[in-house]
Amino acid sequence: MPIPDLTLQQLRAVRTLAASGSFTKAAAAEHISQSVLSRRIKEVERLLRVRLFDRTTRQIDTTAAGQAFLLMTGAVLDDMDLRLSRFMSYVAAQSGTIAVAALPSLAAAVLPEMIRGFMLDHPEVEFEIVDGAADDVVERLAGGTVELGLTAHGDLQDSFCFEPLLQEQFYGVAHRSHPWSTQESISWSDFKGETVLATRPGSSIRAITDAAFSEYSISVSERFNACSAATIRGLLRAGVGVAALPALEVQGFGLDDLVAVPVDSPDATRVIGVAYHCSQDLSPVAARFLDFMHATEIDSPRGVSRVQVDDTSEDTLSSSGCRSKHEVCLEP
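Position 234 of the sequence shown, counting from 1, maps to 234 under the UniProt record's numbering, and the rest follow consecutively.
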């Protein structure tokens, strides 16, 4: 016997009528006329080839077949109601999972407070967080395993949009016994002649320092292969060399036995923000979180300032189709 092609409206009509025992009450509950309700019930009975209700002038009684039908279809309606409720919550950006890839310093120093603030009003949202170097973040964005990438402004592919959030000052970091400990600032040229430690190629820090050092013919030491800022920290504390690091990395060090001196140069900064695919719509909850990151206050540590987006002109919209305006001015 072929399975009847019943609609959710018809299933709901049967359940509502059985629960109310009255066409008048059931029609009001379904927000339809009694005649429409009656036609739906009759169509279900015709398709099923069975009577679901006994109708008298005084009341509506559910038949044995009707009771069996309700028992077998009730779970379907309950499950659909639950799933639709979850979907509407997703559309309203009240639930869902936000997958984020972030530079380690951002994952440790910036992202936690933002997540805490966001979840105060979005307690059902879940986060998947992966930390890694800049090329790792881009790789995950390109592969579609994350929606948002918290990374530095660099050579992103044309398919990505970038919305700046923070600007970091670069510091020269060395053991406290180093002569830099007596200086209020240094320049890139002060790294010449030093054993310069650097993170691996592909990191956002390395891209900036390589560009600066090339102007002064400064070479990064090849004697030490430091894959992370944490490794560099250990070498610095042992008195092995110096390093150029941005403010959030320095903040994570603790400077009991180290000195961090600002690099006085216009290019001694790192702009960090959020990257995502320009051509793909963000999920509602990811878009809401992106807006939240722009709007929320950040307790900026030394050497870190907010990047303000100038939204006074429609002409500042990115030609690549980014979701917001990108003319930026950096706070002093």
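Ideal placement from N, C-alpha and C gives every residue a C-beta, glycine not left out.
Since this is a predicted model, take the numbers as computed values, not measurements.
Task: Minimum length 4: unbroken alpha helix (DSSP H) runs contained in the region 27-73 - done: Correct list: 34-48.
Open item on the list: Just to confirm, is the Cβ distance from P128 to V100 under 8 Å?
Closed with: In the sequence under discussion, the amino acid at residue 128 is Glu, which differs from the Pro named in the question. The answer is yes: Cβ separation under 8 Å.
- [ ] Compute the distance between the beta-carbons of I208 and R270, then report whether it is under 8 Å.
- [x] yes
- [ ] Pick out whichever of Q59, I41, R58 has its Cα sitting closest to the Cα of L52.
- [x] I41
Open item on the list: Looking at V242: is its Cβ nearer than 8 Å to the Cβ of H153?
Closed with: no
TODO: List the endpoints of the continuous alpha helix (DSSP H) containing F170.
DONE: Premise fails: F170 lies in the beta strand (DSSP E), 160-175, not in any alpha helix (DSSP H).
Open item on the list: Would L77 and R140 qualify as a contact pair, given that the criterion is a beta-carbon distance under 8 Å?
Closed with: no
Open item on the list: Rounded to the nearest angstrom, what separates G202 and L290 at their Cα positions?
Closed with: 25 Å
TODO: For H31, count neighbouring Cβ atoms within 10 angstroms of its own Cβ and tell me buried if that reaches 16, exposed if not.
DONE: It counts as exposed.
Open item on the list: Would A263 and S187 qualify as a contact pair, given that the criterion is a beta-carbon distance under 8 Å?
Closed with: According to the sequence displayed, residue 263 carries Val and not Ala. Contact flag set, yes.
Open item on the list: What does DSSP give as the partner residue(s) for E128 in the beta ladder?
Closed with: Note: E128 sits in a beta bridge opposite A99.
Open item on the list: If you measure between the beta carbons of I232 and T199, is that distance less than 8 Å?
Closed with: yes
Open item on the list: Are the CB atoms of L111 and L150 within a distance shorter than 8 Å?
Closed with: yes
- [ ] Can you check DSSP and say which residues form a bridge with V274?
- [x] L150, E163
Task: Among G66, I60, V36, D54, nearest to L48 - alpha-carbon criterion - done: It is G66.
TODO: Could you please give me the residues that DSSP links to T269 through a beta bridge?
DONE: Q169
TODO: Check whether the Cβ atoms of residue 337 and A286 lie closer than 8 Å to each other.
DONE: Nothing in the structure corresponds to residue 337, since the chain is present only between 1 and 332.
TODO: Give the range of the alpha helix (DSSP H) segment to which A107 is assigned.
DONE: 104-109
- [ ] Would you check if the distance between the CB atom of S204 and the CB atom of L106 is smaller than 8 Å?
- [x] Contact flag unset, no.
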